[in-house]
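Read through the structure below, which is laid out as structure tokens, and then see the notes.
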Amino acid sequence: MTDEKFPGWHGTTIIGVRKGGRVVVAGDGQVSLGQTVIKGTARKVRRLSPGGREVVAGFAGSTADAFTLLERLEKKLEAAPGQLARACVELAKDWRTDKYLRNLEAMLIVTDGADLYVITGAGDVLEPEHDVTAIGSGGNYALAAARALMDSDLDAEAIARKAMAIAADICVYTNGNLTVESISK
Numbered sequence: 109m110t111d112e113k114f115p116g117w118h119g120t121t122i123i124g125v126r127k128g129g130r131v132v133v134a135g136d137g138q139v140s141l142g143q144t145v146i147k148g149t150a151r152k153v154r155r156l157s158p159g160g161r162e163v164v165a166g167f168a169g170s171t172a173d174a175f176t177l178l179e180r181l182e183k184k185l186e187a188a189p190g191q192l193a194r195a196c197v198e199l200a201k202d203w204r205t206d207k208y209l210r211n212l213e214a215m216l217i218v219t220d221g222a223d224l225y226v227i228t229g230a231g232d233v234l235e236p237e238h239d240v241t242a243i244g245s246g247g248n249y250a251l252a253a254a255r256a257l258m259d260s261d262l263d264a265e266a267i268a269r270k271a272m273a274i275a276a277d278i279c280v281y282t283n284g285n286l287t288v289e290s291i292s293k
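Sequential numbering from 109 applies to the sequence shown in this note's numbering.
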């Protein structure tokens, strides 16, 4: 979404937490236009099954752009079964160099239960240093909260839920209506 076409569109917090052999991706449901909540139950975390292998993806940004990227990611995974890193790099390369894709405004968190990546339109494929990553309006709040909780006895899902609750208390563009997907290798 460009600011010229959709001024004031905001919303989304997505977090990925890897702990104890599981990866959890959680996302809130809020989409806002300026000071108005347009929708509170959007589903921004999805399970993909290209070639029978499951991948969980969460997105922040334009929904149509994110769905375009998710479709492309599925194709990359079908071309390189079981190679999430390779598929992510190939998607990022296309995203960065393709004239059409270059204008897409979204970010993705993807995992196959072992690896966890953030993919951006700048050509980045980032793996978090501390087994936690977050994107979107409240991403930094959720990230800080989750990193503080990583040394606790909480499992990946409990950390993700608690971090999202903290982000929802701080960020006006984040709500507590969560979609949570868990995956193990």
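Even for Gly, the Cβ is constructed at its ideal location relative to N, Cα and C. This structure is a prediction, so every number in the text was calculated from the model and none was measured.
Non-local beta-carbon contacts of E235 in its own chain, meaning distances under 6 Å to residues more than five positions away in sequence, involve Y225 in chain order. In the DSSP annotation of this structure, the continuous segment of the alpha helix (DSSP H) that includes K184 starts and ends at 171-187. Distances from the CA of V139 to each of F175, K152, R130, V132 were compared; the closest alpha carbon is that of K152. Remark: C-beta atoms of A188 and R194 approach each other more closely than 7 Å. Taking the Cβ atoms as the reference, M258 lies roughly 6 Å from V240, within the contact range of under 8 Å.
Counting the other CB atoms within 10 Å of its CB gives Y249 a total of 16 or more, which places it among the buried residues. Contact between R130 and A264 holds, since their C-beta atoms are separated by about 5 Å, short of 8 Å. For E289, the uninterrupted beta strand (DSSP E) segment begins and ends at 287-292.
Taking C-alpha positions only, A254 is separated from E179 by approximately 29 Å. By the neighbour-count criterion, in which a residue is buried when 16 or more other Cβ atoms sit within 10 angstroms of its Cβ, F175 is exposed. In the displayed model, K207 falls within coil according to three-state DSSP, outside both helix and strand.
Contact annotation: G137 and I122 have beta-carbon atoms that are not nearer than 7 Å.
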